[in-house]
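To start, the structure itself, in structure tokens.
Here is the structure:
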């Protein structure tokens with residue numbers, strides 16, 4: 019992947035927003051690779067994602083060209099930011115400007131079930147996830163060997179009803195030391211306190227093993243089996259104070275039949291969980307997601 | 019479709035059930051076309067569906083054979099029933115024996131939205147649904163012309179809060195006169211009273227425009243949009259006293275995105291509703307469904 | 019749906035295209051409702067679709083506002099075109115500017131199978147397809163009564179091997195008289211000659227009952243059954259000189275099993291055909307599709 | 019999973035097959051857990067899969083019962099076989115009788131892409147695949163460390179055009195020494211010779227990264243991109259002499275758009291490959307698959 023920058027914007031909708039942003043980028047010589055926007059007409063909101071090359075050859079044309087590289091070709095991110103910031107302030111924009119050169123730092127949390135963890139680590143290893151993973155945190159020892167295989171430091175933090183507050187304190191300390199940007203709950207079975215969540219707003223991704231909002235809470239496969247549904251689902255979402263209620267990022271389902279017992283649902287569901295969680299993490303890392311209210315815009 | 023008989027059974031599970039039923043059919047010379055069974059190990063229940071040819075040529079082999087038809091070849095359904103009934107009583111079986119020669123009689127109910135109705139009528143006309151449709155009932159006049167096009171008697175029954183009880187009385191009278199076996203609610207927007215439902219246990223099929231148990235009740239597409247789900251669904255189910263709570267027959271989903279407004283969900287959902295309702299009706303007519311507890315077994 | 023204009027563009031990619039188009043629209047006071055673009059980096063091509071309101075209230079905010087309507091608010095499409103055209107010429111753009119006030123005129127062709135036709139007509143009647151349908155053409159009489167029910171003129175044109183050229187002549191004459199913009203082949207079983215196709219480049223949509231490029235040509239369900247596939251498909255595409263080879267617009271699949279005979283595939287396939295054809299027609303009418311090479315860009 | 023036996027049968031169809039097989043099992047006191055059959059009416063063939071408990075408590079009822087175990091309760095597999103074999107011979111049956119106590123022995127082959135391998139190994143470790151994996155064979159060293167992590171012997175066999183015949187000789191020797199029952203090609207990029215394939219008829223499972231029969235041969239994602247399809251697929255199948263032509267076991271697809279480049283297809287496809295291959299392996303191990311002609315019956 020060539021080096022590029024991504025600008026994410028949300029603000030009140032008004033005329034000329036696309037023109038002003040794209041005009042400014044043009045003036046700075048940006049070669050736009052992708053641009054997408056969305057309006058929520060009901061709420062009068064505007065959302066935009068624009069990605070451009072940071073070097074002249076980052077445009078995808080010249081995989082093996084003989085052209086000499088223009089010295090003046092590189093995009094000056096700081097100069098652009100200096101001009102863009104006041105315009106954004108004037109237009110009431112919230113914005114985030116990132117470049118692919120700064121890899122986000124991700125902490126993975128899990129408990130005893132390792133299928134999501136094993137899946138994420140394999141994707142990480144093969145370059146599918148554009149991030150650093152400086153730590154794996156768990157209240158079980160089961161993941162330690164797997165972490166070691168992938169060369170990732172493992173942090174064991176025991177959690178009991180009595181020690182939960184201390185445990186969260188220890189976890190937050192680890193996250194701070196490791197300069198973590200994103201926490202991924204890969205079937206982590208402990209509920210995080212509002213105090214913990216407040217440290218990472220829209221920066222904690224969880225996977226819930228049901229098609230939310232159906233079957234919130236514990237043992238959703240048992241509940242699905244009891245209700246006799248014909249499809250089971252899984253949902254990845256940002257974590258908020260309310261359990262299983264945060265902005266949904268991705269969902270998927272699989273067909274089941276009367277022949278499937280709870281353990282079959284659990285097994286089928288593992289494939290769904292892996293897929294919806296890994297998509298959510300990849301999209302977050304690719305700066306494709308904007309949260310607003312209790313919803314997400316996911317730019318494709 | 020050649021002439022065939024279907025036997026549906028449910029009973030407490032015990033050894034030898036398949037052997038005894040298939041043995042009896044063999045003794046009567048049945049040529050079995052399909053047989054399927056299911057055990058619910060948790061509840062200790064046994065379910066079976068077996069279909070066999072009623073004439074020697076109903077086996078699908080001899081599409082254009084030169085063999086002469088055996089006079090003795092036809093299966094004697096009454097003789098089989100006379101022997102099977104006492105065995106079934108001994109084994110505690112509930113059972114239903116039907117033959118394709120007796121077409122079930124179906125009443126369609128709808129309100130102002132006609133997409134499910136138009137879809138069912140087209141399928142009926144092209145032979146996809148093995149039934150008679152002697153009446154369409156509605157509290158709106160919108161469907162009358164469509165009913166006329168397909169040559170089906172239309173019964174207008176106005177329903178208001180004040181007249182609901184009288185309206186249901188009139189509807190039940192129509193159903194009795196027409197000797198109806200199955201009532202299909204093709205987006206019929208009135209809630210049927212428990213008294214009405216009691217006349218047709220597991221014989222009223224409804225379509226609900228959500229992925230149940232999420233978004234029960236009114237305006238599910240609005241609720242789905244408000245929650246920010248990434249898939250919408252539709253569910254066909256048998257009607258019971260509890261709203262949107264009966265045994266689920268079929269469900270399906272479609273992917274949506276942040277771009278979709280409520281009206282887009284409504285439009286996408288229409289395709290789902292048509293499909294899950296028409297499948298449920300076809301499976302019911304093909305004697306593929308057994309209800310138990312609040313669930314269904316759907317033999318494929 | 020409020021009144022809006024859509025501009026579709028494709029041209030060689032270069033810096034500043036988004037800025038120049040959106041800047042020009044802003045200067046003319048356009049309120050952009052949706053904008054989307056795409057680059058094919060391999061071929062160095064740029065594609066854009068932008069939609070904006072033609073009246074001040076077309077922005078979706080003011081469903082029931084009390085504000086008085088600005089006399090100066092309406093967008094002047096002709097003035098915009100006069101300025102845009104020379105810019106487009108300079109940049110080597112192919113473009114198409116349409117407004118929702120001009121309804122495209124669609125001719126439906128079919129043969130003996132009516133499921134796609136019935137589906138399209140019902141969608142048309144309920145307002146799902148933004149077009150006029152001034153004629154239905156068929157080489158079978160089967161559709162005549164259905165056309166009459168929807169009040170659409172029916173044109174019977176017999177086609178035999180001997181009369182095919184004359185038949186196409188007659189069909190072209192009908193299309194010209196009716197000022198047709200789009201021809202939809204709703205399971206029309208005759209192959210159109212290159213001469214015919216040349217009159218309507220990227221303006222004839224066909225549905226093929228397989229997952230192309232698998233199973234081109236006649237009897238694809240038989241071929242799928244013979245190969246033992248586990249999914250069947252359907253494909254909607256623009257018609258070109260090569261049979262079943264034109265740019266693909268939409269595809270979908272359904273799961274089958276060893277239990278399904280050819281006639282089951284045909285029945286399951288009908289639902290797929292209806293859905294992929296109706297989506298293609300709707301997207302074409304909504305000006306969402308750009309063809310290039312043998313592919314399509316479908317803006318969502 | 020409790021201990022059970024599975025009997026798979028195929029033979030010419032005739033009356034009474036279900037009755038005779040289930041009758042014999044009943045006489046031997048079998049407690050049938052699942053039974054399923056299928057007729058191919060066109061070819062006049064009958065297929066059956068029946069699974070029964072090998073001990074009295076294997077019926078799933080008595081998770082924690084107080085009943086004393088009947089000494090006489092265990093099913094005598096050898097005694098059954100002695101009586102069944104002559105009946106099977108008389109009826110022209112091909113059959114396979116296996117019990118869960120004998121774990122099939124599986125060899126995994128791969129080349130440089132490890133996603134399917136990593137997925138299978140994780141499923142194996144967590145008990146999802148009922149088999150032994152005594153060896154991993156590869157012409158690349160990339161998998162060696164992963165094999166070591168899961169404690170599975172690794173066999174490096176270099177393959178070049180010149181040494182292919184020798185390499186296959188060495189591979190066959192390894193398979194013989196390890197008493198392998200099933201070979202799984204987890205993205206193994208060498209074509210096996212007919213001589214090799216002849217040693218393992220319907221015992222080599224491959225995954226091909228397209229929706230067969232579309233895009234056989236090399237670089238299917240490139241071909242799919244060039245054709246502009248809207249869905250990509252993957253197929254697991256038994257290997258025969260003809261490349262990508264063996265009996266299909268499972269297929270699945272994922273939606274793509276004009277935005278997806280070849281490398282996006284490759285990434286999306288990896289998830290499909292993992293899923294269709296792991297399902298095929300699991301079904302084969304669970305004795306759910308019967309091959310006939312160039313097709314499969316997959317009992318669910």
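Chains as they are written, first to last, in the numbering used here: chain A, 19 to 318; chain B, 19 to 318; chain C, 19 to 318; chain D, 19 to 318. Each residue gets a CB set at the ideal place from its N, CA and C atoms; glycine is no exception. All figures in this text were calculated on a predicted structure; none of them were measured in a lab.
Asked                                                                                                                                             : Found
CB contact below 8 angstroms: residue 64(B) versus chain A                                                                                        : no
C-beta contact flag for residue 30(D) and residue 51(D) at 8 angstroms                                                                            : no
C-alpha gap between residue 77(B) and residue 187(D), whole angstroms                                                                             : At residue 77(B) the pLDDT is 45, less than 50, meaning the model places this residue with poor confidence and gives no usable figure here.
For residue 272(D) and residue 230(C), the rounded distance between their alpha carbons                                                           : 15 angstroms
Buried/exposed call for residue 211(C), threshold 16 Cβ in 10 Å                                                                                   : exposed
Residue 206(A) (DSSP reduced to helix, strand or coil)                                                                                            : coil
CB contact check: residue 109(D) to chain B, cutoff 8 angstroms                                                                                   : no
Close-in-space but distant-in-sequence residues of the same chain around residue 306(B) (CB under 8 angstroms, 5 per side omitted)                : 67, 316, 317 and 318
Residue range of the unbroken beta strand (DSSP E) whose run includes residue 149(B)                                                              : Premise fails: residue 149(B) is in no beta strand (DSSP E) and is neither H nor E.
Inter-residue spacing [alpha-carbon to alpha-carbon] between residue 37(B) and residue 71(D)                                                      : 16 angstroms
Partners in chain B for residue 307(D), counting only beta-carbon separations shorter than 9 angstroms                                            : Those within 9 angstroms of residue 307(D) in chain B number zero; the least Cβ separation is about 17 angstroms.
At least three beta-carbon pairs within less than 8 angstroms, the region 104-115 of chain A to the region 125-145 of chain A                     : no
For residue 280(B), the nearest candidate out of 113(B), 292(B), 287(B) and 243(B) (CA to CA)                                                     : 243(B)
Identity of the residues DSSP links to residue 30(B) by a beta bridge                                                                             : 63(B)
Which of helix, strand or coil DSSP assigns to residue 346(A)                                                                                     : Past the edges of chain A, shown from 19 to 318, lies residue 346(A), and the structure says nothing about it.
Beta-ladder partner(s) of residue 56(B), from DSSP                                                                                                : 65(B)
CB contact below 8 angstroms: residue 284(D) versus chain B                                                                                       : no
Contacts around residue 302(A), its chain only, beta-carbon distance under 7 angstroms, and the 5 residues preceding and following it disregarded : 200 and 223
Partners in chain D for residue 293(A), counting only beta-carbon separations shorter than 8 angstroms                                            : 289
With 16 other Cβ atoms within 10 Å as the buried cut-off, status of residue 237(B)                                                                : exposed
Minimum Cβ-Cβ distance from residue 146(A) to chain D less than 8 angstroms                                                                       : yes
Alpha-carbon to alpha-carbon, residue 204(B) and residue 259(A)                                                                                   : 40 angstroms
Option nearest residue 154(A) by Cα separation, candidates 99(A), 278(A), 138(A) and 235(A)                                                       : 138(A)
Span separating the alpha-carbon of residue 33(D) from that of residue 265(A)                                                                     : 59 angstroms
Segments assigned alpha helix (DSSP H), at least 4 residues, entirely inside the region 233-261 of chain A                                        : 238-245
Terminal residues of the beta strand (DSSP E) in which residue 272(A) lies                                                                        : 266-273
Minimum Cβ-Cβ distance from residue 158(A) to chain D less than 8 angstroms                                                                       : no
Neighbouring residues, chain D, relative to residue 44(B) (Cβ below 7 angstroms)                                                                  : 33, 34 and 37
According to DSSP, residues forming a beta bridge with residue 224(A)                                                                             : 203(A) and 255(A)
Residues near residue 86(A) in its chain [Cβ-Cβ closer than 8 angstroms; skip 5 each side]                                                        : Confidence in residue 86(A) is poor, its pLDDT being 37 and thus under 50, which makes the residue's placement unreliable; the coordinate value appears in the next sentence. No residues qualify anywhere along the chain.
First and last residue of the uninterrupted alpha helix (DSSP H) at residue 190(B)                                                                : 182-195
7 angstroms Cβ shell around residue 313(B) - same chain, five flanking residues per side excluded                                                 : 265
First and last residue of the uninterrupted beta strand (DSSP E) at residue 310(B)                                                                : 307-310
Residue 115(A) - containing beta strand (DSSP E), residue span                                                                                    : 112-117
Test: residue 312(D) CB closer than 8 angstroms to a CB of chain C                                                                                : yes
Within-8 angstroms CB hit, residue 40(C) to chain A                                                                                               : yes
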